[in-house]
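Quick note: the sequence shown uses my numbering, first residue 582, plus one each step.
A short write-up of the structure that comes next.
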Amino acid sequence: YTGINEMIDHGLGDLKTVSAKALQAGIDMDMVGEGFLTTLQSSLQAGIITEAQINTACKRILEAKYKLGLFEDPYRYCK
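Put into structure tokens, the structure is as follows:
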């Protein structure tokens, strides 16, 4: 939860830089910080990250949701 953005305050770079570093380090989801949402496309176009890295992150998130049964019942844990 905003963990990627916290790296900015620790001197690791701007939002684009820390978002790319987070993806490269294996972080699959950017919660609330919006760095993945707003910067990964330009990082991809600049060759800083790869489409394979994005696909791997997406795959792991979707697999986790599937294993939790959220495709069958998206509100399973909200009852």
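Even for Gly, the Cβ is constructed at its ideal location relative to N, Cα and C.
Coarse secondary structure for residue i, derived from DSSP in three states
i    : result
V677 : Outside the shown range of the chain (582 to 660) lies residue 677, about which nothing can therefore be said.
A627 : coil
L651 : coil
Y658 : helix
L593 : coil
CB-CB length for residue i against residue j, believed under 8 Å
i    : j    : result
A633 : L604 : About 11 Å separates the two Cβ atoms, so there is no contact after all.
L596 : N586 : 7 Å
Where the alpha helix (DSSP H) containing residue i begins and where it ends
i    : result
E587 : G584 to D590
A638 : E632 to K648
K597 : L596 to Q605
Beta-carbon contacts of residue i that lie in its chain and below 7 Å, excluding the five residues immediately before and after
i    : result
Y582 : M612 and V613
K646 : F652
Own chain, CB closer than 6 Å to residue i, minus 5 neighbours either side, in chain order
i    : result
D590 : none
L649 : none
Open item on the list: With three or more C-beta pairs closer than 8 Å as the rule, is the region 642-651 touching the region 613-625?
Closed with: With the cut-off at 8 Å, the region 613-625 and the region 642-651 do not touch.
Q: Count the CB pairs spanning the region 592-603 and the region 618-627 that are closer than 8 Å, and state whether there are at least three.
A: Counting C-beta pairs closer than 8 Å gives three or more between the region 592-603 and the region 618-627, which meets the contact rule.
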